[in-house]
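Asks: Residues in the sequence shown are numbered consecutively from 29, following my numbering.
Glycine included, C-beta positions come from ideal geometry on N, C-alpha and C.
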Amino acid sequence: MEYLRGRNEFQPPGIPAGRGASGIRRFSIQGEGKMEKRGFAATVSFVLGLALAGWTAGAGAAPIQIAVNNTMPGGGSEEAGIKKFKELVEQKSRGEMAVNPFLSGQLGGEKAVLGLLKIGKTEMSLTGGIFLGQYAPEYNALNVPYLFTWEQVLDFVGGPAGKKIQELSSKKGGLTVFGPQYRGPRHMTSNKPVREAKDIKGLKMRLPEEPTWLRVWKALGALPVAIPAPEIYMAMQTGQVEAHENTLVSPYSRSLWEVQKYIIMTSHIYWPWWWVAS
């Protein structure tokens, strides 16, 4: 898979060329840790609070089973976060709770899993921000490409405004939003070189059903295709999709180098994961 940085005109005004190629290395390890600790602390505290409230297995009974869902295959920060959550919950509940990871969209895409959460058919999910933006539109400001750095996103979601958005989403959406987890910058993959904005015109591109993203990529000439995350590989293999955008975990864990030739290091959006429960 060939890595392309693009030419200056592919970057919006004021954004240095090559920003995407160096974006990952500029992240602060300290900042990432703070974000993950906030998300973990809130989530683990909630689950253990259920134990204190009496939602436990009882002496000699089988452990309470908690499913945690994510659309990404293993190998990235998603799996690492869920594994750490599993370790903490099972340790601190003294075996009265068992966490069962469901990766690779085993229960469906993000919309399907959110639907299962709302009717109590599954317990938890590490999900993108579409849920928050649906009930707190202010969150969608983060979906504008090249507008915020990772440090600014971190400050926003961890500050008063971010906490208010979590509260609104939980109240209106009927699910509990605990907090964010680190996720890398989003880049683009394609079966042809993309060095300038004009190269995107006519490209069949898999995109999340997020209104801001759809407007931006349509304005660049892309032809958006709605495909659930677990079906990306097959859609690329059959030609239904020619490109997509996501973090580097996506092409790595989904083996997209078998069906895509190029990674374009755009770093166009910094978007965290969110811990959500029914």
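Just the Cα atoms here: how many angstroms apart are D227 and R243?
Replies: Residue mapping note: residue 227 aligns to position 199 of the sequence shown, counting from 1. Residue mapping note: residue 243 aligns to position 215 of the sequence shown, counting from 1. One C-alpha to the other measures close to 17 Å.
Asks: Pick from G156, F176 and E179: whose alpha carbon is nearest that of E106?
Replies: Walking along the sequence shown from the start, residue 106 turns up at place 78. Nearest option by C-alpha distance: G156.
Asks: Can you give me the start and stop residues for the beta strand (DSSP E) that G103 sits inside?
Replies: The count along the sequence shown starts at 1 and reaches residue 103 at position 75. Premise fails: G103 is in no beta strand (DSSP E) and is neither H nor E.
Asks: Sort out for me which residues DSSP pairs N128 with in a bridge.
Replies: By one-based count along the sequence shown, residue 128 stands at place 100. A95, per the DSSP bridge assignment.
Asks: Given S197, which residues of its chain have a CB within under 6 Å of its CB, disregarding the five upstream and five downstream residues?
Replies: Counted from its first residue, the sequence shown places residue 197 at position 169. Residues of the same chain with a CB within less than 6 Å of the CB of S197, apart from the 5 flanking positions on each side, are L160, Y163, A164 and V205 in chain order.
Asks: Would you list the residues sitting across from E273 in a DSSP beta bridge?
Replies: Indexing the sequence shown from 1 puts residue 273 at position 245. According to DSSP, E273 bridges with M216.
Asks: Identify whether K246 lies in helix, strand or coil by the three-state DSSP scheme.
Replies: Counting from one through the sequence shown, the residue named residue 246 turns up at place 218. DSSP places K246 in helix when its eight states are reduced to three.
Asks: Between which two residues does the alpha helix (DSSP H) holding P265 run?
Replies: Translated into positions along the sequence shown, residue 265 becomes position 237. First, the residue type needs correcting, since residue 265 is Gln and not Pro in the sequence shown. Residues I260 to T266.
Asks: Report the CB separation of T217 from Q288 in whole angstroms; it is logged as a contact under 8 Å.
Replies: On the sequence shown, residue 217 is found 189 positions in, with the first residue counted as 1. On the sequence shown, residue 288 is found 260 positions in, with the first residue counted as 1. About 5 Å; that satisfies the 8 Å criterion.
Asks: Between G133 and the rest of its own chain, which residues show a CB-CB distance below 7 Å, the 5 nearest in sequence each way excluded?
Replies: Locating residue 133 in the sequence shown gives position 105, counting from the first residue. Answer for G133: T99, P256, A257 and P258, listed in chain order.
Asks: Applying the criterion that 16 or more other CB atoms from any shown protein chain within 10 Å of the CB defines a buried residue, is T150 buried or exposed?
Replies: By one-based count along the sequence shown, residue 150 stands at place 122. By the neighbour-count rule (16 or more Cβ atoms within 10 Å), T150 is buried.
Asks: Can you tell me where the alpha helix (DSSP H) with K146 in it begins and where it stops?
Replies: Position 118 of the sequence shown, counted from the start, is the residue given in the question as residue 146. Run containing K146: E138 to K146, per the alpha helix (DSSP H) assignment.
Asks: If you pair each beta-carbon of the segment 246-254 with each one of the segment 224-238, do three or more pairs fall below 8 Å?
Replies: yes
Asks: Would you call the CB atoms of H272 and Y174 closer than 8 Å?
Replies: The residue you call residue 272 lines up with position 244 of the sequence shown. The residue you call residue 174 lines up with position 146 of the sequence shown. No, the pair does not count as a contact, with Cβ atoms beyond the cut-off.
Asks: Going by other Cβ atoms of all chains shown within 10 Å of its Cβ, with 16 needed for buried, is E237 buried or exposed?
Replies: As a first step, residue 237 is located in the sequence shown; it is residue number 209 there, counting from the start. That one is exposed.
Asks: Cα separation between I291 and H215?
Replies: What you label residue 291 is simply residue 263 of the sequence shown in a count that begins at 1. What you label residue 215 is simply residue 187 of the sequence shown in a count that begins at 1. Straight-line Cα distance between these residues: approximately 7 Å.
Asks: Within its chain, find whatever has a CB closer than 8 Å to the CB of I110; leave out the 5 residues flanking it on each side and keep chain order.
Replies: Locating residue 110 in the sequence shown gives position 82, where the first residue counts as 1. Closer than 8 Å at Cβ, skipping near neighbours: V96, N98, V127, P129, L131 and L154.
Asks: Could you check if I94 is buried or exposed, using at least 16 other CB atoms within 10 Å of its CB as the buried criterion?
Replies: Translated into the one-based positions of the sequence shown, residue 94 becomes position 66. By the 10 Å Cβ count, I94 comes out buried.
Asks: Can you check DSSP and say which residues form a bridge with K232?
Replies: Your numbering for residue 232 matches position 204 in the sequence shown. Under the DSSP definition of a beta bridge, K232 partners with L251.
Asks: By the three-class DSSP mapping on this structure, what secondary structure does A305 have?
Replies: The residue labelled residue 305 in the question sits at position 277 within the sequence shown. Looking at A305 - three-state DSSP - the assignment turns out to be strand.
Asks: Nearest-angstrom Cα distance between E138 and K114?
Replies: As a position in the sequence shown, residue 138 is number 110, starting the count at 1. As a position in the sequence shown, residue 114 is number 86, starting the count at 1. Cα to Cα, the separation comes out at about 21 Å.
Asks: Mind checking which residues open and close the beta strand (DSSP E) that includes Q209?
Replies: Locating residue 209 in the sequence shown gives position 181, where the first residue counts as 1. T204 to Q209 is the span of the beta strand (DSSP E), which, as asked, contains Q209.
Asks: Start and end of the beta strand (DSSP E) containing S153?
Replies: As a position in the sequence shown, residue 153 is number 125, starting the count at 1. S153 -> beta strand (DSSP E) spans M152 to T155.
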